[in-house]
Amino acid sequence: RMLMWAEAQQSAFYLFKSGTDIYDSYRRYYTGELTPAAEVQTIAQLEAIKESDYLIPDFVRTGSSIMLHARGGLGKTKVALALARTIGQGCSTRIRGSDFTPTSTGKVLLLGADMSSAQYIDYLKQQGIDVKGADHHWMKVAWDWEIDQQLELIDLLNEHQPKLVIIDSLSSVSNNAAHGENDQEYARTVYDMSRHNGRLFPPTCFLWIHHNRKDGTTFRGTDVLRN
1 RMLMWAEAQQ SAFYLFKSGT DIYDSYRRYY TGELTPAAEV QTIAQLEAIK
51 ESDYLIPDFV RTGSSIMLHA RGGLGKTKVA LALARTIGQG CSTRIRGSDF
101 TPTSTGKVLL LGADMSSAQY IDYLKQQGID VKGADHHWMK VAWDWEIDQQ
151 LELIDLLNEH QPKLVIIDSL SSVSNNAAHG ENDQEYARTV YDMSRHNGRL
201 FPPTCFLWIH HNRKDGTTFR GTDVLRN
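Each residue of the sequence shown is one higher than the one before, counting from 1 in my numbering.
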């Protein structure tokens, strides 16, 4: 807390109403948003930025974000975990009538909040994934992550360096968020992670699972999510 307060004071943003304001200012300082002036990047800095890598040709690539949305109970989580197995184990998958093998394999991070841990374990086992087994060291699972914990997520991404990050679901990790689904701020973390992708952590693909409206026409919440 003292470190956060000291950093916030250095950034000249030290008039707060709550601890959330302090955290938000520290987040902005940590991610470089409070830099006094934009600096021109050097050749070495530009070379350090990695290009996008298609994990599954024309479908899933690092340095990107995907929102998978549908009505409840239609199998969004199972589809996401099938993709996780494909990318983690280099399995072949069929897309538009053709079989593809991932061009690159890597670790997967699952941020599960939509079901109990026991239910997720069952879903993973249905895909042949045993998170406790040595053969599936590529699969990492974290419970209880919340949408406002951007710095904690950045730390996780730098520690595990996953190629795919599954957030199940946007609504569930936002239960304690200060803003509702129809507010522009509701999409802030989705937008921020997209901006920081490949800069503050190794490039990855964010797969955000979201729910549709009751009539099933489109996803719930602000159109900023689509943008």
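Note that CB positions come from ideal geometry on N, CA and C, so glycine has one too.
Counting the other CB atoms within 10 Å of its CB gives R27 a total of 16 or more, which places it among the buried residues. Residue G63 holds the alpha-carbon nearest to the alpha-carbon of Q161 among G133, G63 and W143. The beta-carbon distance between E181 and R226, rounded to whole angstroms, is 13 Å. This is too long to meet the 8 Å contact definition. Counted as a single uninterrupted DSSP element, the stretch harbouring G112 is not any alpha helix (DSSP H) but the beta strand (DSSP E) occupying residues V108 to G112. Per DSSP, the continuous alpha helix (DSSP H) segment holding I154 begins and ends at Q150 to H160.
Counting only unbroken stretches of 4 or more residues, the alpha helix (DSSP H) elements lying wholly within the region 151-226 are 188-196, in sequence order. For I121, the enclosing alpha helix (DSSP H) starts and ends at S117 to Q126. As computed with DSSP, H137 is found in no beta bridge at all.
Three or more beta-carbon pairs drawn from the region 174-193 and the region 133-147 are found closer than 8 Å, and the two stretches are therefore classed as touching. When beta bridges are read from the DSSP output, L68 appears opposite I209. Taking all protein chains in view, the Cβ of T189 is crowded by 16 or more other Cβ atoms within 10 Å, so the residue is classified as buried. Counting along the chain, the unbroken beta strand (DSSP E) around L55 starts and ends at Y54 to I56. Nearest to D215 by alpha-carbon distance, out of L111, T77 and A70, is A70. Ranked by how close their Cα comes to the Cα of I56, the residues S116, W138, G73 and A82 have A82 in first place.
For S194 and S25, the gap between their C-alpha atoms comes out near 19 Å. Bounds of any beta strand (DSSP E) do not take in I147, whose DSSP letter is neither H nor E.
Within its own chain, the residues whose Cβ lies closer than 7 Å to the Cβ of T218, once the five positions on either side in sequence are excluded, are N212, listed in chain order.
For S98, the number of other beta carbons within 10 angstroms of its own is below 16, and it is reported as exposed. The beta carbon of A84 lies closer than 8 Å to those of V108, L110, Q127, I129, M139, L164 and I166 in the same chain, with the five residues before and after it left out. Cβ neighbours of Y54 within its own chain (closer than 6 Å, five residues either side excluded): R61 and T103. Under the criterion of beta carbons closer than 8 Å, I209 and L74 do not qualify as touching, at roughly 11 Å. Burial is judged here by how many other beta carbons sit within 10 angstroms of a residue's own beta carbon; N197 has at least 16 and is buried.
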